[in-house]
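For our numbering, add 172 to where a residue sits in the sequence shown, where the first one is 1.
Backbone N, C-alpha and C define an ideal beta-carbon position, used for all residues, glycine too.
Predicted, not measured: the structure shown is a model, and the values here were computed from it.
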Amino acid sequence: MKIESIEILEVKLDLKHFFETSFSRVTYQRFLLLRVQVDGVVGISECVADEGPSYSYETVKSALHVLEDFVAPVAFRTEYAHPDEFLPSMRNIRGHNMAKAAVEMGLWEAYARMRGESLSKALGGTRREIASGVSIGIQDSVEELLAKIEGELADGYRRIKMKIKPGWDVDVVKKVRERFPDTPLMVDANSAYSLADVPLFQKMDAFGLMMIEQPLHYEDMWDHAKLQKQIETPICLDESIHSVEDAQKAIEMGATRIINIKAGRVGGLSSARNIQKLAAEHGIPVWCGGMLESGVGRAHNVHLSTLENFTLPGDVADSKRYFVEEIIEPTVQVRKDGTIAVPEGPGIGYEVRMDRVEKHLVSRRVLKP
């Protein structure tokens, strides 16, 4: 397979409601949409880098630079027998997994289309539907948070994830648990705490949480291992895991009992598949996290979630929750039983509405050998 061109479309979509984490509040999402042409077939994908370097050091601008000046030249001069070969071909480019993953996922989508298969089948997925959870950002009041949770549960979501930060944590979680005593509930700190906060997390043991996601610094697995020894609630690592090697180290040192897999963070679908396989061998469940993707990235997540060890509801929520206008048809829809049907058509199985992409276009560039 030869990559013949890479079209990069910079798009800005407005959110219906602000989304706040421990590090920022956003009202829109600016991202890169890629059209990767492989042997005459176009595969579509999304780069999940944010506008600012909060979740990751990668940004929309840095991804554009790395894609154009480093990733694309290597991709153009390499012939691939299978998408699994893409990430190893980028071994001389250190880091920048989100930029690499954007092309790799486009290659995977084109590969599936060439075979006349769904992306799920091409990856080796086994499910025809996936369970959906939902991520709820920090709100302006506890009452607004409780109302949002009420609405999401009414829509069928099987798990609630709430964002926390210092000052919006134990007391808020306590009130949520009092209102929803039986709801599968987890919290996500996005690296906002330190080992000095062990007593705070010990208090959270009383709330029967599914997990605490990324409570400490994103580079510090050792402190996560120390924290896990002092609390009962499972720690889930997100930002700390960028590769199969990272997952192996985290598991061996006892830093994580659950792993959140985001294909963009780990360099693509092949790496994500390998991490879930490694985790399964160690009895570690995984789930698919979200990055406020448009429908394109969300569709890739649906297919990734069909792999065997994605046993927990992910953050692959309904498109209607997020953007004022979505760019795929049909939109990703969560059914009343909290599941999403996996499309069976070629590739991601959704149509990209290029007229809507053009409407929200910021910039375009076409890369060729």
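Subject >> Gln201 versus Met334: straight-line alpha-carbon distance, rounded >> reply: When rounded, the distance between both Cα atoms is 20 Å.
Original post:
Could you check where the beta strand (DSSP E) with Asp392 kicks off and where it finishes?
Top reply: Neither: Asp392 is in no beta strand (DSSP E) and is coded neither H nor E.
**OP:** Between the Cα of Asp369 and those of Asn362, Glu411, Arg537, Leu399, spot the shortest distance and give me the residue it belongs to.
**Re:** Of Asn362, Glu411, Arg537, Leu399, the smallest CA-CA separation from Asp369 is found for Leu399.
Original post:
Nearest CA to the CA of Tyr329: which residue from Arg351, Gln420, Ile512?
Top reply: Selected option, being the one with the closest Cα: Ile512.
**OP:** Can you have a look at Met393 and say buried or exposed, based on whether 16 or more other CB atoms are within 10 angstroms of its CB?
**Re:** Residue environment: Met393 is assigned as buried (16 or more neighbouring CB atoms within 10 Å of its CB, all protein chains considered).
**OP:** Helix, strand or coil for Arg202, going by three-state DSSP, please let me know.
**Re:** Correct three-state label for Arg202: strand.
**OP:** For Glu411, I'd like the list of residues in its chain whose CB is within less than 8 Å of its CB, leaving aside the five on either flank, ordered along the chain.
**Re:** For Glu411, same chain residues with a beta-carbon under 8 Å away, outside a window of 5 residues either side, are Tyr227, Ser228, Asn362, Ser363, Gln386, Tyr390, Arg437 in chain order.
**OP:** Measure the alpha-carbon distance for Glu315 versus Glu523 and round it to whole angstroms.
**Re:** Each residue's alpha carbon lies about 38 Å from the other.
**OP:** Please go through the same chain and pick out, in chain order, the residues whose beta-carbon is closer than 6 Å to the beta-carbon of Lys320, but skip the five residues on each side of it.
**Re:** Excluding positions up to five away in sequence, the list reads Ile308.
Original post:
What is the DSSP secondary structure of Ile500, counted as helix, strand or coil?
Top reply: DSSP places Ile500 in strand when its eight states are reduced to three.
**OP:** For Gly212, I'd like the list of residues in its chain whose CB is within less than 8 Å of its CB, leaving aside the five on either flank, ordered along the chain.
**Re:** Cβ-Cβ distances below 8 Å link Gly212 to Glu176 in the same chain, with the five nearest sequence neighbours on each side left out; the list follows chain order.
**OP:** Identify whether Asn264 lies in helix, strand or coil by the three-state DSSP scheme.
**Re:** Of the three classes helix, strand and coil, the one that applies to Asn264 here is coil, per DSSP.
**OP:** Take Arg528 and list the residues in its own chain whose beta-carbon comes closer than 7 Å to its own, dropping the five residues that flank it on each side.
**Re:** If we look at Arg528 and ignore the five residues flanking it on each side, its Cβ neighbours are Glu497, Ile499.
**OP:** Quick one: residues in its chain with C-beta nearer than 7 Å to the C-beta of Arg285, no 5 flanking neighbours on either side, listed in chain order?
**Re:** Here the set comprises Val213, Gly215, Pro518, Gly519.
Subject >> CB-CB length for Ile431 against Val458, believed under 8 Å >> reply: Between Val458 and Ile431 the Cβ distance is about 5 Å, and since that is below 8 Å, they are a contact.
Subject >> Residue environment, His254, which counts as buried when at least 16 other CB atoms sit within 10 Å >> reply: The residue is exposed, with fewer than 16 neighbouring Cβ atoms inside 10 Å.
Subject >> Segment contact flag, the segment 256 to 274 with the segment 285 to 294, C-beta cutoff 8 Å, min 3 pairs >> reply: With the cut-off at 8 Å, the segment 256 to 274 and the segment 285 to 294 do not touch.
Original post:
Nearest to Lys540 by alpha carbon, out of Arg507, Leu187, Leu239?
Top reply: Among Arg507, Leu187, Leu239, the Cα nearest to that of Lys540 belongs to Leu239.
**OP:** Using only alpha-carbon positions, find the residue among Ala397, Ile423, Asp360 that is nearest to Met382.
**Re:** Nearest option by C-alpha distance: Asp360.
**OP:** Reducing DSSP to helix, strand and coil, say where Ala513 ends up.
**Re:** DSSP places Ala513 in strand when its eight states are reduced to three.
Subject >> Presumed contact (8 Å Cβ cut-off) between Val416 and Leu450, rounded CB distance >> reply: Taking C-beta atoms under 8 Å as the contact rule, Val416 and Leu450 qualify, at a distance of about 6 Å.
Original post:
Which runs of the alpha helix (DSSP H) spanning at least 4 residues fall entirely within the segment 201 to 280, listed in chain order?
Top reply: Whole alpha helix (DSSP H) segments, 4+ residues: 232 to 238, 244 to 248, 258 to 261.
Original post:
What residue range is occupied by the uninterrupted alpha helix (DSSP H) comprising Ile321?
Top reply: Unbroken alpha helix (DSSP H) run through Ile321: 314 to 326.
Original post:
Nearest to Leu325 by alpha carbon, out of Lys337, Ile407, Ser304, Ile336?
Top reply: If we check each option's Cα against that of Leu325, Ser304 comes out closest.
Original post:
Excluding five sequence neighbours on each side, which residues of the same chain lie with their C-beta closer than 6 Å to the C-beta of Phe242?
Top reply: These residues qualify, in order along the chain: Ile265.
Original post:
So, is His482 buried or exposed, given that buried needs 16 or more other C-beta atoms within 10 angstroms?
Top reply: In the sequence under discussion, the amino acid at residue 482 is Phe, which differs from the His named in the question. Classification of Phe482: buried, given that the 10 Å Cβ count is 16 or more.
Original post:
Do Ala397 and Ala427 come within 8 Å of each other at the CB atom, strictly closer than that value?
Top reply: It is a contact, given that the beta carbons lie within the stated cut-off.
Original post:
Who are Arg552's beta bridge partners in DSSP?
Top reply: The first residue shown for the chain is 173 and the last is 541, placing residue 552 beyond what the model contains.
Original post:
Which partner residues does Phe482 have in the DSSP bridge list?
Top reply: Paired residues: Val458.
Subject >> Glu301: first and last residue of the uninterrupted alpha helix (DSSP H) it sits in >> reply: Segment 301 to 303 is the beta strand (DSSP E) holding Glu301; no alpha helix (DSSP H) there.
Original post:
What residues are listed by DSSP as bridge partners for Arg197?
Top reply: Note: Arg197 sits in a beta bridge opposite Glu192.
Original post:
Bridge partners of Asp186, per DSSP?
Top reply: DSSP lists Tyr200 as partners of Asp186.
Original post:
Under 8 Å, do Val232 and Glu289 count as touching if we go by C-beta distance?
Top reply: Here Val232 is not near Glu289, since their CB atoms are 8 Å or more apart.
Subject >> Euclidean distance between Cα positions of Ser477 and Ile336 >> reply: Just so you know, the alpha carbons of Ser477 and Ile336 end up roughly 25 Å apart.
Original post:
Whole-angstrom Cβ separation of Glu275 and Leu204, contact assumed at under 8 Å?
Top reply: Correcting the residue type first, residue 275 is Val in the shown sequence and not Glu. The C-beta separation of Val275 from Leu204 comes to about 11 Å, leaving the pair out of contact by the 8 Å criterion.
Subject >> Which listed residue (Gly486, Leu484, Ala419, Lys174) has its alpha carbon closest to that of Leu409 >> reply: Residue Ala419 is the option with its Cα nearest to Leu409.
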